[in-house]
Amino acid sequence: MLGGVETRSVSPVFVGRADELAVLTDALTRAAGREPQAMLIGGEAGVGKTRLTEEFLCEADRRGAVVAVGGCVEIGAEGLPFAPFSTALRTLHRLLPEELATAAAGQEDELARILPELGDTPRGPHDEESTARLFELTARMLERLAAERTVVLVLEDLHWADTSTRHLLSYLFRTLVSGRLVIVATYRADDVHRRHPLRPLLAELDRLRTVQRIELSRFNRAEVRRQLAGILAAQPDEEFVDSVFDRSDGNAFFVEELVASRASGCRTGLTESLRDLLLVRVEVLPDETQSLVRIVAEGGSTVEYPLLRAVAGLSEDELIEALRAAVGANILLATPDGDGYRFRHSLVREAVSDDLLPGERARVNRRYAEAMEADGSLVRAEERAIRLASYWYQANDPAKALPAVLAASVAARRRHAYSEQLRLLERGMDLWDSAPEEVREALRPADYTEVYPPCGCDPATTALQRLDLLAEATVAARYGGERDRALKITKTALRLLEDDRDPLRAAWFWTERSRLIAGLGRGDGWEEIARAQDLVRGLPPSQVHAEVLVRAASWGMLHKPGPGNLAAAERAVEYARMVGAEETELNARITVGALLTDSGDAPGGLAEMRAVGERAAALGLTMLAGRAHINLTSQLESLGRSREAVELAEQGVELVRRSRLLDSEAWVCGNMAESLYSLGRWDEAAEAARRTLLVGQSAAPRGSASVRLAHLALARGELTEAAHRLAAAHTHFGTHETQPQHRIPLYRLAIGLAASESRIADVRTEMSAAAAYGFPLGQHRYAWPLLLAAASAEADARGLPAAEDGRDAALTVLRTAARSLATPVPVWAAHAEYVRAELLRAEARDTLADWVAVEKAVRPLERPYLLARACHRLAEALLAAGDRDPAAALLREAYATAERIGARRLREDLALLAQRARLPLTAADPAAGPAVPETDPVEALGLTSRERDVLRLVAAGSTNRKIAEELFISPKTASVHVSNILSKLGVTGRGEAAALAHRLRLFAAPSPVSPRPEAARRGV
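In our numbering, the protein residues as written are 8 to 1027.
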């Protein structure tokens, strides 16, 4: 018996790994400069990851860093949610109690899901943003905690990590931007097979430039020799070095075990099997110690001393003696906090566990489960449910395992660990048929479920059904980001419901399928909503019925606007009130408010949404309050009340940001960006749009943000950037996007890009496609800017040879579309006036009166960019009429606006027009000479006589060879002239030069702009 004698098998000398340690200490240095560091350490089991980490932590401690270590826990297949983070944060809570309390201030309830010491874990809210919200709070807490001190967080054994831990680690690695923080994660590379869940995370992190990955290789012979010398405290003979090196193959842990095995009395010190090598040192221990070691092996990564005492069946003296022998043999170690025991290396635990007989394993797990049921204080509260479920499951007792597994799923849900909840629910469904009927009948929905509405039954007295578990699993999968899995679960449920007539439950699952199919981009979800509507039609009011109606009305509002949606939404409100489902009622009322506004009752609609927002905020339903802000700001922008929309959006951002509703924040920021663009606050608009991309979790708000940034780039003349953002928007929205609020702006952008590049044929193609798609009720806010872009492109292309064919048909399409659109408020009436004037300009029939009317309609709107464009056209008309002074004032006003907001293309057009007319753009413009109306506009641009001739032919679409033939010069000379022209005009290509020439009417194009303000205005 070894008693208290310790077998030394670990070298006191740190062997090798100097380069790897240098990388880690360098990260520590950079972190001290407030640059967060992310490190991954990989290597096969036993290669020395832990020893390297320990040496690094010693250095970190020497430098005054605060160190916290947490290990992933292997408990069955599902893992313990957030285990390494909870352990590490618990250490930080102990070391820095006041600092951590300050860092978590105001968010203790949410953060308690990861660190229970902060308070009780709330029951809700649960939604698709819950996990992201928790992750964001955790990241910000760590940044605040590491603001004034270096914090080192080590997460060990990532190969055992639960899904929630992997997702949180990925989030932190991607989003931490400040603080003196080092996060180090270790994993067994040999365990990460092709289908291992860690493999995708490693691939993702490899793509992040901020993550450094260290792969540890085995020791070479010289390093093994140094390791042996350290263990033996003497130089080993070369024959022994060769023997150990050959058998261990340079694995540091196996080197230690081979030495320890020989010291423990194994005849040769070497066995044929490495597994036998790990077991042989256990088998030389006393019988009671061997039995205890087997019990510890089944308890998990760490077993608490009180739990071990309850399970071992030994007196306390016997237990301590057995533990002393196991610790002395270097098989077990006391945990750092001193309240439990773990194996020195997980390889030994796995070998001991694998050596248990099936009946022996079940018996040990039963003893653990019974001990925990008898005394719940034996383990930490946050671990109790999941460990009890695992023990009963491994004990092969379905009657006990089923309720324990379901209770563990509830605990996982409360921690927003939805992936773990899903795995537990799936395990519960596997156990369902094996559990005795009396056990199943004793289970109640009120204890284990919350997503499916009661619909007339009492959850406290009605027996739990398998369909209840399928409903919970569907939502858990959706919240956990596993939408494909959720879709399969709904299919299973609906197949079961074919034999079990329950239309309400079937309607609920069809509604879930609608949401999932739309979210996956595999359709618009209407077919599934229609199935749900058919199922509830004629049934008494219920919460499911109300939710189906809300979903149908909301879908219609976004995809197929029409009067029927308002009736469905109002009926949903009525049904929800009847059954007392206030949250559903409030959701429906937001839809009612938006639809009322779209139908013309703006005061009523806005008042309804404001009332809902206030009530939702009072009830703590922040997501609903956020939705009210999203719809309110959107409707205010539609009404031309952009300044009011921005003010409300700022309040909304503050509201949802406090609760970390990331998608809601993204939508509000996106709406704010749109209104800021309208107000000419373009830098702020870009910032809001980029914020949307940063915080948005789902595709739609990110797609909308890309659209906003594309509009800005287009208006600023950044065509490459605009094209890039447009492509990104298409990617975000996917191929199945049918919402007019998304599709119509995409058409508008495509038209704007094509027009900027003088691709008039593409302008017409996109316009025809948009007209074929249609402009449903309430979509005039998107349609009028599109028509204006297309009409302006047609007017600018007048005179281009490529534009003549098909012009009449294109203008007919535009006029037909314009006649179908509403102008309920001044902003859209002004757009209609502008479109009418541009269509006349496209036919050279516009008059000065037309542009006076446009400027008059636009000026009161607080739309600086739109006004600057209108002033440009009016100034052009005034100059044609010979009225130079008012034209000069308008040009200066428009130029100042373009300069201020950064509208580069408009600014250039204004400068060229002023240069042609020799008008100053500022009070003292040295480039502007005295008024010389007769000056040739081509000469005013600095072009020579020959360049004039070349530009005229370029504008007519001639190639360099054609130009050379026409002017009797060589093609090379023609090419040089073209290059000089592009440089002088400040354009990048022949198409832009041609478009500019036609836009400025540099050559003989019929441009009878009437000088008579009283000229008759022509209708569209």
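Cβ coordinates follow ideal geometry from the N, Cα and C atoms, glycine included. The model shown is predicted, which means the values in this text are computed figures rather than measured ones.
Problem - Length of the line joining the Cα atoms of A938 and A901 - result: Because A938 sits at a pLDDT of 45, beneath the cut-off of 50, its placement in the model cannot be relied upon, and the following sentence gives the value as read from the coordinates. Approximately 20 Å, taken between the alpha carbons.
Practice task
Could you tell me the distance, in whole angstroms, from the CA atom of G949 to the CA atom of A154?
Solution key: 59 Å
Exercise for the section: Just tell me which of A415, P460, H423, L409 has its CA closest to the CA of W439. Expected result: L409
Handout entry: Alpha carbon of E81 to alpha carbon of T309, nearest angstrom
Key = 10 Å
Handout entry: Coil, strand or helix - Q44 by DSSP
Key = strand
Practice task
In the DSSP assignment, find the beta strand (DSSP E) that holds Y194 and state where it starts and stops.
Solution key: In the DSSP assignment, Y194 falls within the unbroken beta strand (DSSP E) covering 188 to 195.
Problem - Collapsed DSSP secondary structure at I976 in the structure displayed - result: Three-state result, I976: coil.
Practice task
With a 10 Å radius around its C-beta and 16 neighbouring C-beta atoms as the bar for buried, classify Q472 as buried or exposed.
Solution key: Residue environment: Q472 is assigned as buried (16 or more neighbouring CB atoms within 10 Å of its CB, all protein chains considered).
Handout entry: As assigned by DSSP and simplified to three states, the class of T854
Key = strand
Practice task
Would you identify the three-state DSSP class for Q401, choosing helix, strand or coil?
Solution key: helix
Problem - Rounded C-alpha distance that separates S93 from E115 - result: 14 Å
Handout entry: I1032 - DSSP class collapsed to helix/strand/coil
Key = No answer is possible for residue 1032: it lies beyond the span of the chain, which begins at 8 and ends at 1027.
Problem - Member of A730, E534, E263, A381 whose CA lies at the smallest distance from the CA of P313 - result: For P313, the nearest C-alpha among the options comes from A381.
Handout entry: Pairwise C-alpha distance: W517 and E427
Key = 24 Å
Practice task
Return the Cβ separation of V543 and L523 in integer angstroms, given the expectation that the two are a contact with Cβ distance under 8 Å.
Solution key: Contact doesn't hold; Cβ gap of about 19 Å is too wide.
Problem - Burial state of E279 (16 or more Cβ within 10 Å) - result: Reliability of the predicted coordinates at E279 is poor, the pLDDT of 47 falling under 50, and the value obtained from them is presented with this limitation in mind. By the 10 Å Cβ count, E279 comes out exposed.
Practice task
Go ahead and label H200 buried or exposed: buried means 16 or more other beta carbons lie within 10 angstroms of its beta carbon, across all protein chains shown.
Solution key: exposed
Practice task
Mark T138 as exposed unless 16 or more other C-beta atoms lie within 10 angstroms of its C-beta, in which case mark it buried.
Solution key: buried
Handout entry: DSSP bridge partner residues for V74 (one or two, in chain order)
Key = V159
Handout entry: Nearest to P547 (by Cα), restricted to the options E581, G487, L527, E535
Key = E581
Problem - Meets three-Cβ-pair contact criterion under 8 Å: the stretch 61 to 78 and the stretch 207 to 223 - result: no
Handout entry: Boundaries of the beta strand (DSSP E) in which G659 is found, first to last residue
Key = If you look at G659, you'll find it isn't in any beta strand (DSSP E); it sits in the alpha helix (DSSP H) that goes 649 to 665.
Practice task
Examine the Cβ distances between the stretch 566 to 584 and the stretch 611 to 622 and report whether three or more of them are shorter than 8 Å.
Solution key: no
Problem - Extent of the continuous beta strand (DSSP E) to which Y348 belongs - result: 347 to 350
Handout entry: Pick from D506, P460, L474 that is closest to A4, judged by C-alpha positions
Key = Residue 4 is absent from the structure shown; the chain starts at 8 and stops at 1027.
Handout entry: Three CB pairs or more closer than 8 Å across the stretch 108 to 127 and the stretch 194 to 210
Key = no
Practice task
Provide the residue span of the alpha helix (DSSP H) that contains L631, from first to last.
Solution key: 629 to 645
Practice task
Look up E279 in the DSSP assignment and say whether it is helix, strand or coil.
Solution key: Low per-residue confidence applies at E279: pLDDT is 47, beneath 50, and the placement is therefore not dependable, though the value from the model is reported in the following sentence. The answer is coil: DSSP assigns E279 none of H, G, I, E or B.
Practice task
Please name the residue, chosen from N403, P610, Q658, that lies closest to G633 on a Cα-to-Cα basis.
Solution key: Q658
Handout entry: Residue(s) in a DSSP beta bridge with E311
Key = G347
Problem - Neighbour-count burial assignment, E117, 16 or more Cβ in a 10 Å radius - result: Burial state of E117 is buried, judged by a 10 Å Cβ sphere holding 16 or more other Cβ atoms.
Problem - Where L385 sits in the DSSP three-state scheme - result: helix
Handout entry: Sheet register partners of L340 (DSSP bridge)
Key = R349
Practice task
Find out if the Cβ-Cβ distance for the pair L144, H423 is shorter than 8 Å.
Solution key: no
Problem - Among W167, L96, V189, L160, nearest to L35 - alpha-carbon criterion - result: V189
Exercise for the section: Report yes if the CB atom of D256 is closer than 8 Å to the CB atom of M630, and no otherwise. Expected result: no
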